[in-house]
Every structure is written in structure tokens, then in C-alpha cells.
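Student:
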Amino acid sequence: MRFHLLAVGVALLGLVGIGCDSSPETEPVTEANRSAHALSDVGELYRQYTFDKKKPPTTIADLTPLESLAPLGLKALQDGSVIARAGVVIEDVLEGPATKDPADDVLAYAKEVPSSGGPVLMHNRTIREMTADEFKAAKLAGTGDMAPGAPSKKH
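FYI, the numbering used here numbers position 148 of the sequence shown as 766, with every residue one higher than the one before it.
1) If you count every other CB in all the chains shown that lies within 10 Å of the CB of G691, and 16 or more means buried, which is it?
2) Who are the near neighbours of A765 in its chain, counting only those whose CB is closer than 7 Å to its CB and skipping five residues on each side?
3) When DSSP labels each residue in this structure, what does K718 get in the three-state scheme?
4) Rounding to the nearest angstrom, what Cα-Cα distance links D697 and Y727 in this structure?
5) Beta-carbon within less than 6 Å of A656's beta-carbon, same chain only, minus the 5 sequence neighbours each way: which residues are those?
6) Could you give the residue range of the beta strand (DSSP E) that holds E662?
7) Consider the C-beta atom of P715 and the heavy atoms of the ligand SAH; say whether any pair is separated by less than 7 Å.
8) Is D697 helix, strand or coil by DSSP?
9) Hey, would you say K672 sits closer than 8 Å to D722, going by beta carbons?
10) Under DSSP, the beta strand (DSSP E) around P732 begins and ends at which residues?
11) Please identify the residue among G735, P674 and G762 whose C-alpha is closest to the C-alpha of A750.
12) So for R703, helix, strand or coil by DSSP?
13) Please classify P646: is it buried, with 16 or more other beta-carbons within 10 angstroms of its beta-carbon, or exposed?
14) Since G714 and T761 should fall inside the 8 Å C-beta cutoff, what is the C-beta to C-beta distance between them, to a whole number of angstroms?
15) Just to confirm the assignment, what range does the beta strand (DSSP E) spanning I745 have?
So, in C-alpha cells, the structure goes:
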């Protein structure tokens, strides 16, 4: 009987732990976490583009064919609510956070971050909250910001 109660207690603790996971992949999208979800999508767009093309994206239009994979991220890039860095080389194209890519370089960020802080997508595809001052001191990955709605280069 004691073993049975212990097993039930452990199972309940496991369920409580699952509910406490705050990663963007497991939370429903709300206005409060929309930027974090969009940034997570942008990380997936970069990963998949690099996996498919064996090179980094340089324009938002490069990512457009992957819209069905991460529509919230692509929309955020197109409307300018998320700014992504062009030419960021992704070494680790496996799903999930990357272990071969830098954790301190900024890959993308919510547009308000430079002035008021907020969520930032790091090069290793993890999301971190930064203050405006932390962002100003952070290293930006890649060659420059992708312009919203930038036309695709002919390949």
C-alpha cells in the first residue's frame, strides 16, 4: 500500500513538473510570450534553412519557403517585430539548442530590445531575456540585420 501511494505521489510530481516547463515550445502563444515564440520559430527557420541549403540565410525571403514550418517566426520577421541577423553560420543543425554554436552571440531579437530590453535568440538557439544595456554590450552574430520584407536574391 505504501509503495502504491509513493508511486502515485511520484507520478503527480512528474505531472506538476511538466506543467512548470516554460520553454516556448510547450506554452500556448499569448500576447505576453508572442516574441519568445516568434524567436523560437526564427531559430527553427535558421536551423532548417542551413540544414537544407548548407549555407546561412541572407534575406528574409530566403526563409519564406519554410513558412509552414514556423509561420509565427516568419510573420514576425516580415512585419519587423523581430529583427534577425543575416549570414549567421549555424554549425549545429540538429533539433533543439545547439551545442556547437556560441551562447553569447545574438541571432535575433524582439524589435523593442535595444531600447527597453526583452527576449533575445542566441546563436545557440536558446532564448534569453536581456536589458537594453546588456543588449548594447552583446556581440551580434552575422553580417548585419535582415531588412523586413527584403527581396530574395536570385540563386
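Positions of the beta carbon are idealized from the N, C-alpha and C atoms, including for glycine.
Just so we're clear, the structure is a prediction, and the values are computed from it rather than from any experiment.
Tutor: Per the coordinate set shown:
1) Here residue 691 refers to the residue found at position 73 of the sequence shown. The residue is buried, with at least 16 neighbouring Cβ atoms inside 10 Å.
2) Within the sequence shown, residue 765 is the residue found at index 147, counting from 1. If we look at A765 and ignore the five residues flanking it on each side, it has no Cβ neighbours.
3) Residue 718 sits at position 100 when you count from the first residue of the sequence shown. Residue state, collapsed to three classes: coil.
4) If you number the sequence shown from 1, residue 697 lands on position 79. If you number the sequence shown from 1, residue 727 lands on position 109. Cα-Cα distance, rounded: 13 Å.
5) What you label residue 656 is simply residue 38 of the sequence shown in a count that begins at 1. Here the set comprises L690, G691, A694 and V700.
6) Counting from 1 along the sequence shown, the entry for residue 662 is found at position 44. E662 -> not in any beta strand (DSSP E); alpha helix (DSSP H) instead, spanning R652 to K671.
7) Here there are no bound small molecules, and the ligand SAH is not part of this structure.
8) Translated into the one-based positions of the sequence shown, residue 697 becomes position 79. D697 falls in the helix class under three-state DSSP.
9) Counting from one through the sequence shown, the residue named residue 672 turns up at place 54. Counting from one through the sequence shown, the residue named residue 722 turns up at place 104. No.
10) Numbered from its first residue, the sequence shown carries residue 732 at position 114. Element bounds for P732: not the beta strand (DSSP E) but the alpha helix (DSSP H), V731 to S734.
11) The residue labelled residue 750 in the question sits at position 132 within the sequence shown. Nearest of G735, P674 and G762 to A750, Cα basis: G735.
12) Counting from one through the sequence shown, the residue named residue 703 turns up at place 85. In this structure, R703 counts as strand in the three-state DSSP scheme.
13) By one-based count along the sequence shown, residue 646 stands at place 28. P646 comes out exposed.
14) For this step, residue 714 is matched to residue 96 along the sequence shown. For this step, residue 761 is matched to residue 143 along the sequence shown. About 26 Å; that fails the 8 Å criterion.
15) Mapped onto the sequence shown, residue 745 falls at position 127. Start and end: I745 to M748.
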